[in-house]
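Engineer: Encoded as structure tokens, here's the structure I'll be asking about.
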Amino acid sequence: MTDFNRGAQNDPVGHDGHRAGGSTEPHKPVKRWTSAVARPRRLRATESLRRLTRETRLSVDQLVYPLFVAPGDGHARPIDAMPGQFVHSVDQVGGEARRVADLGIPAVLLFGRTESKDPQGREASSPTGEVQRAVAAIKDTVPELTVVTDVCLCAYTDHGHCGIVVQGAINNDRSVARIVDVALSHADAGADLVAPSDMLDGRVGASRTARDTAGHVNVGILAYAAKYASAFYGPFREAADSAPEFGDRRSYQLDPSNGREAIREVELDVAEGADIVMVKPALLNLDVVARVRETVTVPVAAYSVSGEYAAIKAAAARGWIDERMAALEAFTSIVRAGAQIVVTYYAPDIAVWLQEDKAQA
Ligand code: PBG
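Heads up: the sequence shown runs through residues 497 to 857, numbered per the numbering used here.
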């Protein structure tokens, strides 16, 4: 392979004016415009130097893979707006979890879908719901895999909101009571971490207290602490069938204009007992990831959401972007910004790509 950064033998970065890539022109001295002491390109000259001086190191250990479960048997249905992603029936999810664990990915994040919706989202806390049964199935098949469950009502309410609607508005405290029930049912089913994604006030503290009372002291909370009201959740809502029937989520999710408010949300969740805090969407909010990383000492996660995945996929499918390079660059940026944990639909691909890169190095 040609390394275009390599210049003449004695001047690998082409500082003397030679064209990088090995010019055949006779040596012509050129005026030096750059001071001899500041030549950062020196360390970019070869792949081994670049490896040596790399600041951000990627590992499969940083990845969490989202999995969707739906009623039925024997199916893995493709999600149109998320090429390469599937909604699984519970009997299939153990096998999928095995595949993920065999790639070295340490955790999955489970989302449920249902056919029985009502205003309270009752099915969300059913002990025989898809998520609850999927947790058990995964724990049966791959006990060592960490299972995180998304705790929300939006896929289970007939109006598609993340809480209980009273007179056209989301009632915070009634919603929190339901969200606590859902979190408890996931803990009962064997989840390692529950991840409340509703952005209502006080749900982390309420879940922590309820779980401790119920004896689930070791079930942790991965809080969607800074979750923005984003257009980039569109493809996900097709997968989870969770689009709101009226209005939008701006009365509970963060306004994309606000950064300081994200820090306030994160600090509240940590004070209420969150074990890990998450920023979402990741790529659009790298500044927030960096600020959160500086503010708290708990692990920081970032979720590269469905629309971010779909955007790369769609451009790649048209030949407008190199998928592997784009997806790895996106992952690198999220880790560089300060996330220790990255939730991404690209997790299995990234796991394979990192293995390939290691084999080549
Ligand atoms: C549920 C939830 C959503 C996502 C994760 N949990 C959708 C939403 O808030 O509307 C989005 C994930 C993605 O887009 O990949 N509240």
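Beta carbons are placed, not taken as given, at the ideal position from N, Cα and C, and that holds for glycine.
As the structure is a computational prediction, the values presented were derived from the model and not from experiment.
Contact between the stretch 565-576 and the stretch 537-550 is defined here as three or more beta-carbon pairs at a separation below 8 Å; is this criterion met?
Structural biologist: Because the criterion of three Cβ pairs below 8 Å is not met, the stretch 565-576 and the stretch 537-550 do not touch.
Engineer: Mind pulling the beta strand (DSSP E) runs of 3 or more residues that sit fully within the stretch 735-784?
Structural biologist: Taking only runs of at least 3 residues, the beta strand (DSSP E) segments lying wholly in the stretch 735-784 are 772-776.
Engineer: Using 8 Å as the cut-off, can you tell me whether the stretch 645-662 makes contact with the stretch 687-702, which would need three or more C-beta pairs spanning the two stretches below that distance?
Structural biologist: The stretch 645-662, when compared against the stretch 687-702, does touch it at the 8 Å Cβ threshold.
Engineer: Measuring straight from C-alpha to C-alpha, what distance separates alanine 807 and aspartate 744?
Structural biologist: By one-based count along the sequence shown, residue 807 stands at place 311. By one-based count along the sequence shown, residue 744 stands at place 248. Taking the straight line from one Cα to the other gives about 22 Å.
Engineer: Using CA coordinates, which residue listed in Glu640, Arg787, Pro731 and Ser621 is at the minimum distance from arginine 595?
Structural biologist: For the purposes of this step, residue 595 is taken as residue 99 along the sequence shown, with counting starting at 1. The candidate whose alpha carbon is nearest that of arginine 595 is Glu640.
Engineer: To the nearest angstrom, report how far apart leucine 780 and leucine 606 are at their CA atoms.
Structural biologist: Taking the first residue of the sequence shown as position 1, residue 780 is located at position 284. Taking the first residue of the sequence shown as position 1, residue 606 is located at position 110. Approximately 23 Å between the Cα atoms of the pair.
Engineer: Tell me whether the beta-carbon of alanine 651 lies closer than 8 Å to the beta-carbon of leucine 680.
Structural biologist: As a working note, residue 651 is residue 155 in the sequence shown. As a working note, residue 680 is residue 184 in the sequence shown. No, the pair does not count as a contact, with Cβ atoms beyond the cut-off.
Engineer: Taking the alpha-carbon of aspartate 557 as reference, which of Gly730, Lys723, Ala597 and Gly590 has the nearest alpha-carbon?
Structural biologist: For this step, residue 557 is matched to residue 61 along the sequence shown. Here the closest residue by C-alpha is Ala597.
Engineer: Verify whether the separation of the beta carbon atoms of lysine 776 and lysine 854 is less than 8 Å.
Structural biologist: Stepping through the sequence shown from its first residue, residue 776 is reached at position 280. Stepping through the sequence shown from its first residue, residue 854 is reached at position 358. Cβ atoms of lysine 776 and lysine 854: not closer than 8 Å.
Engineer: In the structure shown, what three-state DSSP assignment does leucine 547 receive?
Structural biologist: Position 51 of the sequence shown, counted from the first residue, corresponds to residue 547. Just to set this straight, residue 547 is arginine in the shown sequence, not leucine. Note: arginine 547 maps to helix in three-state DSSP.
Engineer: Could you say if the stretch 746-761 and the stretch 780-799 meet the contact criterion of at least three C-beta pairs nearer than 8 Å?
Structural biologist: The stretch 746-761 is in contact with the stretch 780-799.
Engineer: What do you reckon, is the C-beta of phenylalanine 742 under 7 Å from a heavy atom of the ligand PBG?
Structural biologist: Residue numbering aside, residue 742 sits at position 246 when the sequence shown is read from its first letter. Outside the cutoff, so no.
Engineer: Under DSSP, the beta strand (DSSP E) around threonine 642 begins and ends at which residues?
Structural biologist: Here residue 642 refers to the residue found at position 146 when the sequence shown is read from its first residue. Per DSSP, threonine 642 belongs to the beta strand (DSSP E) from 642-647.
Engineer: Where does the unbroken beta strand (DSSP E) through proline 574 begin, and where does it stop?
Structural biologist: Residue mapping note: residue 574 aligns to position 78 of the sequence shown, counting from 1. Here the beta strand (DSSP E) through proline 574 covers 572-574.
Engineer: Please classify arginine 553 as buried or exposed, where buried requires at least 16 neighbouring CB atoms within 10 angstroms.
Structural biologist: Sequence index remark: in the sequence shown, residue 553 carries index 57 (1-based). So arginine 553 ends up on the exposed side.
Engineer: Pull up the DSSP beta-bridge partners for glycine 716, would you.
Structural biologist: As a working mapping, residue 716 is identified with position 220 in the sequence shown. For glycine 716, which the question treats as bridged, DSSP gives the partners Leu689.
Engineer: Span of the beta strand (DSSP E) holding leucine 605?
Structural biologist: Start at 1 with the first residue of the sequence shown, and residue 605 comes out as number 109. First-last of the beta strand (DSSP E) with leucine 605: 603-608.
Engineer: What three-state label does DSSP hand threonine 552 in the structure shown?
Structural biologist: Here residue 552 refers to the residue found at position 56 when the sequence shown is read from its first residue. It is coil, neither helix nor strand.
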